[in-house]
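Step one of this worksheet: look at the structure below.
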Amino acid sequence: MPKELSPRIAIYPGVFDPVHRGHLDIIQRGSRIFDRLIVGVSVNPDKQSFFSLEERVGLLQLVCKPFPNVEVKGFTGLTVHFVRDLGAGIMLRGLRTLSDMEYEFTMSLMNLNLDPGIETVFLMAKEEFSHLSSSLVRQIAILEGDLSKFLSPEVNEVLGKRARQRNKTST
Ligand code: ADP
Numbered sequence: 021m022p023k024e025l026s027p028r029i030a031i032y033p034g035v036f037d038p039v040h041r042g043h044l045d046i047i048q049r050g051s052r053i054f055d056r057l058i059v060g061v062s063v064n065p066d067k068q069s070f071f072s073l074e075e076r077v078g079l080l081q082l083v084c085k086p087f088p089n090v091e092v093k094g095f096t097g098l099t100v101h102f103v104r105d106l107g108a109g110i111m112l113r114g115l116r117t118l119s120d121m122e123y124e125f126t127m128s129l130m131n132l133n134l135d136p137g138i139e140t141v142f143l144m145a146k147e148e149f150s151h152l153s154s155s156l157v158r159q160i161a162i163l164e165g166d167l168s169k170f171l172s173p174e175v176n177e178v179l180g181k182r183a184r185q186r187n188k189t190s191t
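Per the numbering used here, the very first residue in the sequence shown carries number 21; after that it's consecutive.
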């Protein structure tokens, strides 16, 4: 555990299934605060994702291109292990609602217990994105609703295609 951790390097972990404009806003603001921001794309052990880990990493790489100090990496296992392995001292999270706060508070305390060398830093979601979640985005895509306000054009196209494919095979 004794590795030196940098407070100038932050990891922004999440499932990103798929990445939406609420995530991108946190990435953009985080990239202005930290010297290096690494988006950590994880596997959700509790449910099957809409996009594979490779697909989610690929989409994030595409939409993070405008930010030169942002990298994207997939990972499995404990987030604090991933953060420490990269020498980062900060875990960045976004906060939308009071219910997010309750969950994030518990998670950040647990992570602090698991690794006291890593601090969690929160950024409040912008008002216009505070109702936005990947699960809502997936539901709307399956019902073929317009998501152009909430997704980058590339993500919107790939998600629309995937949702139509799924709808076809399930009928
Ligand atoms: P979700 O599936 O709810 O979008 P993720 O695991 O992909 O969740 O989220 C990764 C991180 O991004 C979490 O810290 C989450 O709170 C944050 N986040 C999710 N949606 C938004 C949003 N609309 N605005 C700001 N932060 C968000």
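We treat Cβ as the ideally placed atom computed from N, Cα and C, and that holds for glycine. Just so we're clear, the structure is a prediction, and the values are computed from it rather than from any experiment.
What does the alpha-carbon distance come out to for the pair residue i and residue j?
i                : j              : result
glycine 79       : leucine 118    : One detail in the question is off: residue 79 reads as leucine in this sequence, not glycine. Whole-angstrom Cα-Cα distance: 29 Å.
glutamine 185    : valine 103     : 36 Å
arginine 76      : valine 178     : 11 Å
methionine 130   : isoleucine 162 : 35 Å
valine 39        : cysteine 84    : 10 Å
leucine 98       : threonine 189  : 35 Å
glutamine 81     : lysine 67      : 23 Å
phenylalanine 36 : alanine 108    : 20 Å
lysine 181       : glycine 50     : 30 Å
glutamine 48     : methionine 127 : 23 Å
Kindly indicate which residue of the options has the alpha-carbon position closest to the one of residue i.
i              : options                      : result
arginine 116   : Glu91, Gly109, Thr96, His151 : His151
glutamate 147  : Tyr32, Val35, Ile29, Ile46   : Ile46
methionine 144 : Gly114, Thr126, Lys169       : Gly114
proline 88     : Phe54, Ile138, Phe71         : Phe54
arginine 158   : Phe142, Asn187, Lys93        : Asn187
Going by other Cβ atoms of all chains shown within 10 Å of its Cβ, with 16 needed for buried, is residue i buried or exposed?
i              : result
aspartate 166  : exposed
methionine 111 : buried
leucine 171    : buried
tyrosine 32    : buried
histidine 101  : exposed
serine 154     : buried
Do residue i and residue j have their C-beta atoms within less than 8 Å of each other?
i             : j                 : result
serine 69     : phenylalanine 95  : no
isoleucine 58 : leucine 106       : yes
arginine 52   : isoleucine 29     : no
threonine 34  : phenylalanine 149 : Checking the sequence, you will find glycine at residue 34 rather than threonine. It is not a contact, given that the beta carbons lie outside the stated cut-off.
At a threshold of 7 Å, does residue i count as lining the ligand PLP (C-beta to nearest heavy atom)?
i          : result
leucine 98 : For the ligand PLP, the structure offers nothing, since it holds only the ligand ADP.
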